[in-house]
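Chemist: Residue numbers (the UniProt record's numbering): 1 to 185.
Note that beta-carbon positions come from the ideal geometry of N, C-alpha and C, so glycine has one too.
No experiment lies behind these values; they were computed from the predicted model shown.
Can you read through this structure? Questions will come right after.
This is the structure we're talking about:
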């Protein structure tokens with residue numbers, strides 16, 4: 001219940017940040033991201049296709065392609081709350097699933113195993129300085145990250161950062177949160 005309150009308030013906050021502001025924050029955050037060792041040392045990077053209230057991930061995906069990186073995006077399976085990542089090469093590979101979420105069409109030839117992904121950029125609504133996050137509540141990322149051996153970071157606007165978010169034993173922190181002003185590790 002406590003996390004749900006944070007989710008509701010975070011969504012309200014994100015809806016009140018203008019597209020222009022988000023665009024500027026994204027520019028600052030992505031410029032900071034591209035300078036990190038996580039980005040520079042990664043050949044295969046996992047990202048989500050952002051929802052309207054989130055920072056747009058398409059410019060980051062396109063920059064990754066320009067730099068010769070492979071981009072993988074998640075497909076969630078609501079029946080068992082599991083998630084797989086698939087190689088993403090163009091927008092025609094997407095389908096609109098539930099809650100206006102865009103995911104890859106299932107293609108076994110494009111399935112990427114966790115140990116093949118160098119960096120996962122983990123989405124969220126709210127983050128704390130220890131790397132814990134409030135997501136959308138499905139638990140997909142926490143289940144996936146439990147067996148993921150490499151780097152995991154998140155991108156957030158300063159307004160999404162708080163001193164502490166509630167978490168339990170199954171919640172896994174990211175290695176760092178990159179904002180428009182700083183990198184919190």
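Three-state secondary structure (DSSP) at residue 10?
Modeler: Looking at residue 10 - three-state DSSP - the assignment turns out to be helix.
Chemist: Can you find the residues in the same chain that come closer than 6 angstroms, C-beta to C-beta, to residue 80, ignoring five residues on each side of it along the sequence?
Modeler: Correct list: empty, nothing qualifies.
Chemist: Would a C-beta distance cut-off of 9 angstroms place residue 173 and residue 143 closer than the cut-off?
Modeler: Taking 9 angstroms as the Cβ cut-off, residue 173 and residue 143 do not qualify as a contacting pair.
Chemist: Assess contact between the segment 87 to 98 and the segment 145 to 158, defined as three or more Cβ pairs (one per stretch) separated by less than 8 angstroms. Is contact present?
Modeler: They do not touch, by the three-pair rule.
Chemist: Give the DSSP-derived three-state secondary structure of residue 151 in the structure shown.
Modeler: Reduced to three states, the DSSP call for residue 151 is strand.
Chemist: For residue 200, is the classification buried or exposed, using 16 other Cβ atoms within 10 angstroms of its Cβ as the cut-off for buried?
Modeler: The first residue shown for the chain is 1 and the last is 185, placing residue 200 beyond what the model contains.
Chemist: Kindly indicate the opening and closing residues of the beta strand (DSSP E) around residue 142.
Modeler: No beta strand (DSSP E) contains residue 142, which is instead part of the alpha helix (DSSP H) from 140 to 145.
Chemist: Kindly identify the DSSP beta-bridge partner or partners of residue 4.
Modeler: Paired residue(s): none; residue 4 is not in a bridge.
Chemist: Using the Cα positions of residue 51 and residue 100, report the straight-line distance between them to the nearest angstrom.
Modeler: Looking at the two C-alpha atoms, the distance is approximately 7 angstroms.
Chemist: Helix, strand or coil for residue 115 per DSSP?
Modeler: In the structure shown, residue 115 sits in a helix (DSSP, three-state: H, G or I).
Chemist: Can you name the start and end residues of the alpha helix (DSSP H) that residue 58 belongs to?
Modeler: Element bounds for residue 58: 58 to 66.
Chemist: Checking 9 angstroms against the spacing of the C-beta atoms, do residue 45 and residue 71 come in under that value?
Modeler: Contact flag set, yes.
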